[in-house]
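Okay, structure first, notes after.
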Amino acid sequence: MLIDWKSFLPKVGGSVKELAEASPETVGGYRQICAADAQTGHLDAKTRELISLAVAVTTRSDGCIANHTKKAIDLGTTREEIAEALGVAVAMNAGAAVAYSGRVMDAFSAFSAKE
Numbered sequence: 002m003l004i005d006w007k008s009f010l011p012k013v014g015g016s017v018k019e020l021a022e023a024s025p026e027t028v029g030g031y032r033q034i035c036a037a038d039a040q041t042g043h044l045d046a047k048t049r050e051l052i053s054l055a056v057a058v059t060t061r062s063d064g065c066i067a068n069h070t071k072k073a074i075d076l077g078t079t080r081e082e083i084a085e086a087l088g089v090a091v092a093m094n095a096g097a098a099v100a101y102s103g104r105v106m107d108a109f110s111a112f113s114a115k116e
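Every letter in the sequence shown is one number past the one before it in this note's numbering, and letter 51, counting from 1, is 52.
So this is what it looks like as C-alpha cells:
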C-alpha cells in the first residue's frame with residue numbers, strides 16, 4: 002500500500018482543524034463553497050464524489066483522494082465506477098497537456114521572433 006489511507010485521513014482532518022483555529026475565515030469560506038455546490042440538486046452526491054476524485058487526481062491532492070474515496074464508498078460507488086472516472090481524469094490531463102503544449106509553442110514563436 003502506498004499510503005496507510007485509514008490513518009492518513011484523520012491526520013488530514015487534524016491539520017485542517019489546526020488551520021481552522023488559526024484562520025477560521027479561510028476554512029469557513031471553503032466549507033461554504035463545498036456546501037453551495039450540493040444545494041443546486043442537479044447532480045447527485047455520488048456523481049459529485051466521482052468528479053471530486055477525478056479532480057483530486059489531476060491536482061495531486063492526497064487529502065482529497067482519501068476524503069472523497071471514503072465518501073464515494075459510503076455512497077455505494079463501485080470500484081468500476083471509480084476506475085471509469087479516473088479514466089476521464091487521465092484523458093483530461095493528457096488532453097490538457099497537449100492543449101497547453103500549443104501555448105508553449107506559441108510563446109516560443111513570440112519570444113524568438115525577430116522584431
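Beta carbons: idealized from backbone N, C-alpha and C, even for Gly. Note that the structure is predicted; figures quoted are calculated from it, not measured.
Residue ranges of uninterrupted alpha helix (DSSP H) with 4 or more members, entirely inside the stretch 12-96 and ordered along the chain, are 25-40, 46-60, 63-75. Sorting G14, D107, I66 by C-alpha distance to the C-alpha of A57 places I66 at the top. A buried status is given to A86, since no fewer than 16 other beta-carbon atoms sit within 10 Å of its beta-carbon. Taken through DSSP and simplified to helix, strand or coil, L3 comes out as coil. DSSP, read as helix, strand or coil, puts A114 in coil.
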